Amino acid sequence: MTLKAVVTGCGAYLPEHVLTNVDLAKKVDTSDEWIRERTGIRERRIAGPGERTSDLAVNAARAAMRAADVNPADIDLIIVATTTPDLTFPATAAIVQAKLGVLQGAAFDIQAVCTGFIYALATAEKFLVSGQHRRALVIGAETFSRILDWSDRATCVLFGDGAGAFVVEAIPEEAAGERGVIASYLRTDGSLVDLLYVDGGVSSTGQVGHVRMQGNKVFREAIERISEAMTTVSRQAGISPTEIDWFVPHQANERIIQGVVKKLDLRPDQVVSTIAGQGNTSAASIPLAYCQGVADGRIKKGDLVMIEGMGGGLTWGAALLRA
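So in the numbering used here the end of the sequence shown lands on 1081, straight run, no missing numbers.
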């Protein structure tokens, strides 16, 4: 029996506290206009004191499970994409599993920074279509505010906190029809690690560290590599990128998104963008944007959706799915 990995529900969670550009202008040498012109961001959400990455993940996961009409007993795989885990170990996914009351299956983290959700979804798809697992929670969750240098205006204005989740189910091809994950593409170039990284770690400094970025170089790499990933995935699926219904990008920078749209001849009205109100939530940004598209009625069952990401490593990738 041939199985397909189908997204049957999605959920989102954003912390309550809103940090605006005007608020940031009181902390560093910047302005609302400067940030909006260069990034498209107006505000972002910041996790409250005591609010952990696992807490954000659990809230998003519960929303996704409600949307898919499943309960904890139905889940046998949890993959959390995060760069900001609760603890060095165990995996945040294990903590999420316990908080959700999922008593079976496997749970582990994936760390590919802003591409993490693509990596997590592609990994879950392989487990599901092989028949090894039946129903997965794929979660992107971040508290990036905890690793920002709030005196560095080049990075502290970009990021926010949040979580998004998919329920992905193994469904026989006859029942799934055209729905499901169609193709994915993952890449890493470790020679570019110095373009975007955190200057700390357990075996290096013994400290958490802060985000460091060569923004102009990241910008140049992003448009080329994201376009490459989307073109490759489209080729695998036997379509042109212009044939998709919706483009759900990693919400890194509005100028990067528009650069990809222009390079691949997409229409601006195909883009699902949340960057203005959420900033860059790293591994959470793709499911957060996808869920927004579902919630507002744009993404409907049967639509062809392209998702993509690029992050530190450098890592990049894309996936094509039919909702």
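For every residue, glycine included, the Cβ atom is placed at its ideal position computed from N, Cα and C. Predicted model, so just to flag it, every value in this text is computed and none were measured.
Query, Result
"Checking 8 angstroms against the spacing of the C-beta atoms, do T873 and G1067 come in under that value?", "yes"
"Could you give the distance in angstroms between the alpha-carbon of P1045 and the alpha-carbon of A819?", "11 angstroms"
"Of all the options R802, V816, P843, which has the alpha carbon lying nearest to the alpha carbon of P830?", "V816"
"Secondary structure at L954, three-state DSSP: helix, strand or coil?", "strand"
"For a test of the three-state rule: what should DSSP assign to K1094, helix, strand or coil?", "Here the chain comprises residues numbered 759 to 1081, so residue 1094 is not present and cannot be evaluated."
"Helix, strand or coil, according to DSSP, for V828 in the structure here?", "coil"
"Rounded to the nearest angstrom, what separates G898 and A921 at their Cα positions?", "6 angstroms"
"Rounding to the nearest angstrom, what Cα-Cα distance links R893 and V951 in this structure?", "34 angstroms"
"Let me make sure I understand the geometry here. Which of Q1028, D1003, L906 has the alpha-carbon closest to that of V969?", "L906"
"State the Cα-Cα distance for the pair V926 and G863, rounded to the nearest angstrom.", "14 angstroms"
"Is the segment 1031–1038 in contact with the segment 796–804, if contact means three or more CB pairs nearer than 8 angstroms?", "yes"
"For V991 versus A1076, is the C-beta spacing smaller than 8 angstroms?", "yes"
"Taking 7 angstroms as the limit between beta carbons, can you name the residues of its chain near Q965, skipping five residues before and five after?", "G958"
"State the Cα-Cα distance for the pair T913 and P1007, rounded to the nearest angstrom.", "20 angstroms"
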